[in-house]
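Engineer:
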Amino acid sequence: DNEIRIGRIIVIVLTSIGIKLKVQFLYFGSKLPKNFLSSARAEESQNRELWLSEVTYLIDPSTVIGPVIVWLQDTSEPSD
C-alpha cells in the first residue's frame, strides 16, 4: 500500500526484529470503513476533518515522512 496516511504515534516498541512505531491512523470521512461512512461524514471531510481509528498498527519508522499538525475540532488552531 503506497498511499500516504496520517497517523498518531502512540509508543515506540522494541520487537525481536527491531524498532516499530505503534500508531493509530486518522481517516478522512471519504476513506472511513463502510460501516462508519455516511454522507454527513463524507461532507465533513471536505473541510479536511479527520476521524481517529481505535485500531492500532505496528509500522516501520522508516515509513514516516514527517510531522503533521492536527488538533481537536473544539480547540483553537495551534500557532506555528
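Taking the numbering used here, the leading residue of the sequence shown gets -7, the next gets one more, and so forth.
Heads up, the beta-carbon is just placed ideally off N, CA and C, and yes, glycines get one too.
#1: Assuming the contact rule is C-beta atoms closer than 8 Å, residue 12 and residue 48 should be a hit. Round their C-beta distance to whole Å, please.
#2: Measuring alpha carbon to alpha carbon, tell me which of 52, 21, 1 and 9 ends up nearest residue 40.
#3: Output the boundary residues of the beta strand (DSSP E) element that contains residue 43.
#4: What separation, rounded to the nearest whole angstrom, lies between the Cα atoms of residue 5 and residue 26?
#5: Starting from the C-beta of residue 63, find all residues in its chain whose C-beta is less than 7 Å away, skip the five residues before and the five after it, and write them out in chain order.
Structural biologist: In short:
#1: Actually they do not touch by this definition, with Cβ atoms about 11 Å apart.
#2: 21
#3: 42 to 51
#4: 31 Å
#5: 69 and 70
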